[in-house]
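A.B. asks: I'd like to ask some things about the structure below.
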Amino acid sequence: MIRKQHYENYLEPGAFMAFYAKQMRLGKIKMVDTSKGIGFIEDENEQDIAFCLENTNDSLYAGDKVAFEIVLGEHGLMATNIKQI
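Take the sequence shown: its position 66, counting from 1, is numbered 77 in the numbering used here, and each next residue is one higher.
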């Protein structure tokens, strides 16, 4: 895991999140609600990350293992570029 304190002295304010978000993360699909078009991924740190079903081409089901990136959306962190592994 990348620790912020290792990089914050070298990056401009706010740049750490942009750097961190580009890292691929691993997790598993926790739940999918097709009626609302959303789902949640539980990452390796047991953190829940939301995603929109329209942002993936794969059919995803609870328990599927995935790789993904994180972006900062209107409602907080969101998973994007989700790939089933």
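Note that CB positions come from ideal geometry on N, CA and C, so glycine has one too.
Nearest to L10 by CA position, among Y72, M89 and K76, is which residue?
C.D. replies: Residue 10 is absent from the model: the chain starts at 12 and stops at 96.
A.B. asks: Give the straight-line distance between the Cα atoms of Y90 and T45, rounded to the nearest whole angstrom.
C.D. replies: The residue given as residue 90 occupies position 79 in the sequence shown. The residue given as residue 45 occupies position 34 in the sequence shown. First, the amino acid is wrong: residue 90 is Ala here, not Tyr. Near 16 Å, if we compare the C-alpha coordinates of T45 and A90.
A.B. asks: With DSSP as the reference, identify every bridge partner of E80, one or two as the case may be.
C.D. replies: Here residue 80 refers to the residue found at position 69 when the sequence shown is read from its first residue. E80 is bridged to T91.
A.B. asks: Can you tell me which of the three DSSP states L37 falls into?
C.D. replies: Indexing the sequence shown from 1 puts residue 37 at position 26. In this structure, L37 counts as strand in the three-state DSSP scheme.
A.B. asks: Is the Cβ-Cβ distance between I52 and A73 less than 7 Å?
C.D. replies: By one-based count along the sequence shown, residue 52 stands at place 41. By one-based count along the sequence shown, residue 73 stands at place 62. Not closer than 7 Å, so no.
A.B. asks: Would I60 pass as a contact of L88 if the rule is Cβ separation under 7 Å?
C.D. replies: Position 49 of the sequence shown, counted from the start, is the residue given in the question as residue 60. Position 77 of the sequence shown, counted from the start, is the residue given in the question as residue 88. Yes. Within cutoff.
A.B. asks: Using only the alpha-carbon positions, how far apart do M35 and E57 sit?
C.D. replies: Stepping through the sequence shown from its first residue, residue 35 is reached at position 24. Stepping through the sequence shown from its first residue, residue 57 is reached at position 46. Straight-line spacing of the CA atoms in M35 and E57 works out to 16 Å.
A.B. asks: Can you tell which of S70, E85, N66 and I93 has its C-alpha closest to the C-alpha of F79?
C.D. replies: Position 68 of the sequence shown, counted from the start, is the residue given in the question as residue 79. Among S70, E85, N66 and I93, the Cα nearest to that of F79 is on I93.
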